[in-house]
Amino acid sequence: MANVHIPTQMRQLCGGQELVKIPGKTVRELIEELEHRFPGVKNYLLDGNDLRPSIAVWVDGELAPAGLLETVGPESEVHFMPAIGGG
Amino acid sequence: MRKVAVQTTLNGEPVEFLCEPRQSLLEVLRDVLNLTGTKEGCLTGDCGACSVLFDGRVVCSCLVLGVEAQGAQIQTVEGLAHGNELSVLQRKFLEHAALQCGICTPGFLIAAKALLDHNLNPSESEVRYALAGNLCRCTGYDKIVRAVMDAAKEMREREAYG
Amino acid sequence: MGSHTTESSFRVIGTRPIRHDGVEKVTGRAKYGADYYVAGMLHGKVLRSPHAHARIKSIDFSRALALPGVKAVVTGKDLPEGENKTVPLGEMTVNPRYLGQNILARDKVLYYGHAVAAVAAISPHIAEQALELIEVDYEVLPPVLSVEQAMAEGAPILHPDLRNEELGDVPTNVAKHVVLTRGDVEAGFREAHFIVEREFRTSMVHQGYIEPHNALAIYNADGKATIYCSTQGPFEVRGMSAAVLGLPVGSIKVVPAEIGGGFGGKTTVYLEPLALLLAMKTGQPVKMVMTRSEVLRATGPTSGSLIRVKMGCTKEGKITAAKIWMAYEAGAFPGSPVGAATMTVLAPYAIPNVQIDGYDVVVNKPKTAAYRAPGATNAAFAAETVIDELAELCGIDPLDIRILNGAREGTPHPAGPPYRRIGFIETCEAIKASEHYRSNLEGPNRGRGVASGFWFNAGMQSAAVVNIHLDGTASVVTGSPDIGGTRAACAMIAAEVLGLNVEDVRPVVTDTDSIGHTDVTGGSRVTFATGMAVFRAAEDALAQLKERAAKLWECKVEEVEFRDGKFYCKTNNATPLSVSELAKRLPRLGGPVTGRATVNARGVGPSFATCCIDVEVDPETGRVQILRCTVAQDAGRAIHPAYVEGQMQGGTAQGIGWALNEEYIYDSDGHLMNSTLLDYRMPTCPDLPMIETIIVEVPNPGHPLGVRGVGEVSIVPPPAAIANAVYRAVGVRMTELPMSPARLWKAIAQKESTRSGLGRAQHG
Ligand code: FES
Ligand code: FES
Chain L
1309 MANVHIPTQM RQLCGGQELV KIPGKTVREL IEELEHRFPG VKNYLLDGND
1359 LRPSIAVWVD GELAPAGLLE TVGPESEVHF MPAIGGG
Chain X
15 MRKVAVQTTL NGEPVEFLCE PRQSLLEVLR DVLNLTGTKE GCLTGDCGAC
65 SVLFDGRVVC SCLVLGVEAQ GAQIQTVEGL AHGNELSVLQ RKFLEHAALQ
115 CGICTPGFLI AAKALLDHNL NPSESEVRYA LAGNLCRCTG YDKIVRAVMD
165 AAKEMREREA YG
Chain A
3 MGSHTTESSF RVIGTRPIRH DGVEKVTGRA KYGADYYVAG MLHGKVLRSP
53 HAHARIKSID FSRALALPGV KAVVTGKDLP EGENKTVPLG EMTVNPRYLG
103 QNILARDKVL YYGHAVAAVA AISPHIAEQA LELIEVDYEV LPPVLSVEQA
153 MAEGAPILHP DLRNEELGDV PTNVAKHVVL TRGDVEAGFR EAHFIVEREF
203 RTSMVHQGYI EPHNALAIYN ADGKATIYCS TQGPFEVRGM SAAVLGLPVG
253 SIKVVPAEIG GGFGGKTTVY LEPLALLLAM KTGQPVKMVM TRSEVLRATG
303 PTSGSLIRVK MGCTKEGKIT AAKIWMAYEA GAFPGSPVGA ATMTVLAPYA
353 IPNVQIDGYD VVVNKPKTAA YRAPGATNAA FAAETVIDEL AELCGIDPLD
403 IRILNGAREG TPHPAGPPYR RIGFIETCEA IKASEHYRSN LEGPNRGRGV
453 ASGFWFNAGM QSAAVVNIHL DGTASVVTGS PDIGGTRAAC AMIAAEVLGL
503 NVEDVRPVVT DTDSIGHTDV TGGSRVTFAT GMAVFRAAED ALAQLKERAA
553 KLWECKVEEV EFRDGKFYCK TNNATPLSVS ELAKRLPRLG GPVTGRATVN
603 ARGVGPSFAT CCIDVEVDPE TGRVQILRCT VAQDAGRAIH PAYVEGQMQG
653 GTAQGIGWAL NEEYIYDSDG HLMNSTLLDY RMPTCPDLPM IETIIVEVPN
703 PGHPLGVRGV GEVSIVPPPA AIANAVYRAV GVRMTELPMS PARLWKAIAQ
753 KESTRSGLGR AQHG
């Protein structure tokens, strides 16, 4: 079960929970499962078939360049964070 | 607009060019004579990227008209090296990593040369004031000042020991 | 990771060779964007709005077009409208409609200097004359010039179609609201013994690169285009120009010229699509170069901001809660760095209870662009000043409060996951141990301040090719424009892996057709990510060379060993060969060797900096003199220490300029009053002392050589460090940037008058 940390503004969709344990082998599977439990999550995180450009997913402390395709382990920590740009 | 013929000495060589009376010396160097080593940063005399030596004095070539070069001695960054041998200042800029993007470098080399031409033993603050008309946004000036001081030192030693 | 990368055996990394592009840059031979000239080239110029906010009723350019020598005039109507949708494009996200409208206004102008039309003519002077003949009929609208104004009820609306998720279907100037929370912030304040609450303001500031924007576009009859320009991101220029003009990406080739500074401001497009549009219209090459006033009015700046900070700590200095509200000016179109600001503002600290609200607000000022650690400097100015005040209340050393609360390996970032190995505490310890910090600062009106900063750094995509030449030299080809010595760093990495002299490795920065997609030179990512690609490409070349040696020696490739620059055969007595000896034989061993690698880099390591600044304030004039300045920064591993120092010094100098002098000054109608480098005052040589550097090396576990990005974080601490120093010098807390002489003088005068009771007398 991966630990999915729910960003503040998504918590109202998730019954106020900050942390949800969900099964899944990829970020995409986690989001499908989240959506199943908390309808509306998908629309919050995704634009069509990909993550919204304003959102970045971090897996195990690291920005995950593969996005939805990123694989997650059974103990993985998954964070959704605002995307950032540098100068 | 009618063009004017101007005779000048550029990096030691006699040069004749045609320019419009409204063209600046910077435009003439870059657009007419293809000497693009002299850079444009502001056109208002505030950045020093366009610095050249005009009869031995540093000027902003963006504030000088091309026609004013008549009969003058002009020196640009392209004239600093002797053939394939870099000048001491150029070498010191490289050794001290005194450039990052390098757009300000030609202007700094010219301003520093003007200083060292008459003062081979400048203090740090004399160097800083001699370079006050040149903006560098990349380096914080630290390594530029060190390069100029070190060039002065080497040139002093060279003078002392021949 | 190969054994040749262990620290003890570094041969090239950590040395200070002369950069490969250096000679061209000190002799004036290096070609920057404005140095390109081609036969038959036209010159383009832009007509800009004299109003901050107005509707364009009509544009009549018939007289301009009739001027002899004028070849084309274009307006916003010549650009496709573009999709109103945020799409990812390399490092940044782009809204093609907004991007297009920023390049040429469509129905409205949204800031003073907004491009309205562009002209191509046979000389720049004629193009300028033509601009004067274009007649634009404007309906002037009231401008919105601050975040408070923009967020107020009934504020004039910049974009009637702009919506934000929270408000629903209501027109607004707030493009976005970001919230980060952890723990229970009110409970945290109840645990606090001291609480400080303050409001901070900062003005827009410009990146201030010395080279103005430029572009030369060539369009051929077969529909293929080439753009030469100075940019941090040739692939972004290609993608954005294609998006704005509705062209296929593959029809454009971008050739990156040398670049005269960028600092984030050259990660987007202004002139490139315009020059191409004019080239398409005329069938001739078109060159465009901005004036400085255009650069200041219509490119860059980074956000001005309004930030409220409330922070509490125990008697011992343990921070228990922080509540931060921040609104950033995006400029005319959405997209300020407020998201990054919310994530950086408390990043150096372990704080259990946090609430951060960030607002992205559009105003009638130029669209902001990235600027070195975007968003972080404004935020750190606020937070690091409050932390200084808490330290004072607790009676502890300002570095000690940072160390006490500082983030370490395993500390969760306020918005997310725990840190891996980081070097924040080490930067504080380095300053604490420095001769500077231990020295006494004496004399009236003098003070010392410290502050820290954080920046994420970026990974993203890079490609690299390493070619082994027949004489045993090599070339390293990348797509990362070199702004501050990254060619040298790439060559050094390849030389290290291949056992070559760094002088024998020639680094090349090539165009968008000649290398795989490479994201911007920005986010401090080149030495990290492109460096990682170079490292792997060199390893790939090395593996191929081993195969060739095995072929020559008729042994198995596993039997070939590479050490100290030579190939050995472990199983027979073949004479060891150097790379150059083996390279000579390549024609008979299968032909040339080309190593290649691409990355979408993982393992980004964030960077921290801590800065100590001594100032002297002249109470008569309010002028601040920087007496001494030392910065400590974690570089992970410094590949070329001189250029790492250069980044630290340059960023610090920009931070000092931001602290003391730089600001966009607008009149009440929204006209920028200081669009020259005389009035937009950046630090000059006599304004600064030497900037002392301490490179801290806490290797980044995510990079084969331990590299962290070094380009950005040094700009973050100086404004707060200077504000803290000014407080110690004259006893006033400055909460507005810049701390210009007038502002500081006023603050000192106010303090004096309150102290002497005059303040009350005057008001009573
Ligand atoms: S271009 Fe002449 S001083 Fe700036
Ligand atoms: S090196 Fe870039 S401006 Fe000086």
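Sequences listed follow chains L, X and A, in order. Numbered by my numbering, the letters in the first sequence go through residues 1309 to 1395 in order. Numbered by my numbering, the letters in the second sequence go through residues 15 to 176 in order. Numbered by my numbering, the letters in the third sequence go through residues 3 to 766 in order. Positions of the beta carbon are idealized from the N, C-alpha and C atoms, including for glycine.
Sub-8 angstroms separation of residue i and residue j beta-carbons
i	j	result
A:E238	A:T284	no
A:V595	A:L662	no
X:K127	X:D164	no
A:M313	A:V187	no
A:G638	A:G605	no
A:A217	A:C231	yes
A:V146	A:V388	no
A:F610	A:G455	yes
A:L591	A:R550	yes
A:L280	A:L247	no
A:C631	A:I433	no
A:V507	A:A491	no
A:E618	A:A725	no
L:V1365	L:F1388	yes
A:A152	A:V363	yes
A:A640	A:A535	no
A:Y351	A:A409	yes
X:Q21	X:Q84	yes
A:A749	A:G451	no
L:G1369	L:E1383	no
A:L135	A:L182	no
A:K369	A:M206	no
A:P823	A:S253	For chain A, the structure presents residues 3 to 766; residue 823 of chain A sits outside this window and is missing.
X:V29	X:G80	no
A:G267	A:T233	no
Residue i: CB within 7 angstroms of a non-hydrogen atom of ligand 4
i	result
A:I261	Of the ligands one can find in the structure shown, namely ligand 1 and ligand 2, none is ligand 4.
Along the region 135–149 of chain X, what residues have a CB closer than 9 angstroms to any CB found in chain A?
Considering only beta carbons, the part of the region 135–149 of chain X lying closer than 9 angstroms to chain A consists of E138, S139, V141, R142, Y143, A144, L145, A146, G147, N148 and L149, in chain order.
Along the chain, which unbroken stretches of the beta strand (DSSP E) at least 3 residues long are found entirely within the region 422–474 of chain A?
448–457 and 462–470
Starting from the N-terminal end, write out each residue whose C-beta falls within a distance shorter than 6 angstroms of any non-hydrogen atom of ligand 1.
X:E54, X:G55, X:C56, X:L57, X:G59, X:D60, X:C61, X:G62, X:A63, X:C64, X:C74 and X:C76
May I ask you to list, following chain order, the residues of the region 328–354 of chain A that have a beta carbon less than 8 angstroms from some beta carbon of chain L?
P339, G341, A342, T344 and M345
Taking only beta carbons into account, state which residues of the region 449–462 of chain A come closer than 9 angstroms to chain L, listed in chain order.
W457, F458, N459, A460, G461 and M462
Count the CB pairs spanning the region 345–360 of chain A and the region 155–166 of chain A that are closer than 8 angstroms, and state whether there are at least three.
no
Beta strand (DSSP E) runs contained entirely in the region 26–101 of chain A, provided each spans 3 or more residues:
Whole beta strand (DSSP E) segments, 3+ residues: 44–50, 56–62, 72–77, 89–91 and 94–96.
Restricting to runs no shorter than 4 residues, where is the alpha helix (DSSP H) found entirely within the region 616–698 of chain A?
Within the region 616–698 of chain A, the complete alpha helix (DSSP H) runs of at least 4 residues are 643–662.
Quick one: which residues of the region 418–442 of chain A get their C-beta closer than 8 angstroms to a C-beta of chain L? List them in chain order.
Flagged, chain order: G418, P419, P420, Y421 and R422.
Uninterrupted alpha helix (DSSP H) stretches inside the region 1324–1366 of chain L (no shorter than 4 residues):
1335–1345 and 1349–1353
Is it true that the region 509–524 of chain A meets the region 59–66 of chain A, where meeting means three or more beta-carbon pairs spaced less than 8 angstroms apart?
no
Taking beta-carbon pairs under 7 angstroms, can you tell me which members of the region 705–723 of chain A lie near chain L?
Those would be E714, in chain order.
Inter-stretch contact at 8 angstroms, needing at least 3 Cβ pairs: the region 108–118 of chain A / the region 42–59 of chain A
yes
Would the region 380–400 of chain A and the region 309–324 of chain A be scored as touching if the rule is three or more Cβ pairs under 8 angstroms?
yes
Kindly provide the ranges of any alpha helix (DSSP H) runs that are 4 or more residues long and lie completely inside the region 509–595 of chain A, ordered along the chain.
533–555 and 581–586
For the region 28–40 of chain A, which residues have a CB atom closer than 8 angstroms to at least one CB atom of chain X, in sequence order?
Here the close residues are V28, T29, G30, R31, A32, K33, Y34, A36, D37 and Y39.
Can you confirm whether the region 143–150 of chain X touches the region 680–694 of chain A when touching is taken to mean that 3 or more C-beta pairs between the two stretches lie within less than 8 angstroms?
Enough Cβ pairs lie closer than 8 angstroms, so yes.
Stretch pair the region 118–138 of chain X + the region 63–72 of chain X: three plus CB contacts closer than 8 angstroms
yes
Below 8 angstroms, how does it come out for the region 509–519 of chain A and the region 483–490 of chain A: are there three or more Cβ pairs, yes or no?
yes
Near-chain A residues of the region 115–132 of chain X - C-beta to any C-beta below 8 angstroms:
C115, G116, I117, C118, T119, P120 and L123
Please list the residues of the region 669–686 of chain A that have a C-beta atom closer than 7 angstroms to any C-beta atom in chain X, keeping them in chain order.
T678, L679, L680, M684 and T686
Cβ-based contacts, 9 angstroms cut-off: residues of the region 158–171 of chain X near chain A:
I158, V159 and R160
Evaluate the contact criterion for the region 291–298 of chain A versus the region 205–216 of chain A: three or more CB pairs, one atom per stretch, below 8 angstroms.
yes
Which residue spans inside the region 360–401 of chain A form an unbroken alpha helix (DSSP H) run of at least 4?
378–396
Looking at chain L, which residues of the region 580–609 of chain A have a Cβ within less than 8 angstroms of any of its Cβ atoms?
N602, A603, R604, G605 and V606
Is there contact here, the region 1335–1350 of chain L with the region 66–86 of chain A, by at least three beta-carbon pairs under 8 angstroms?
no
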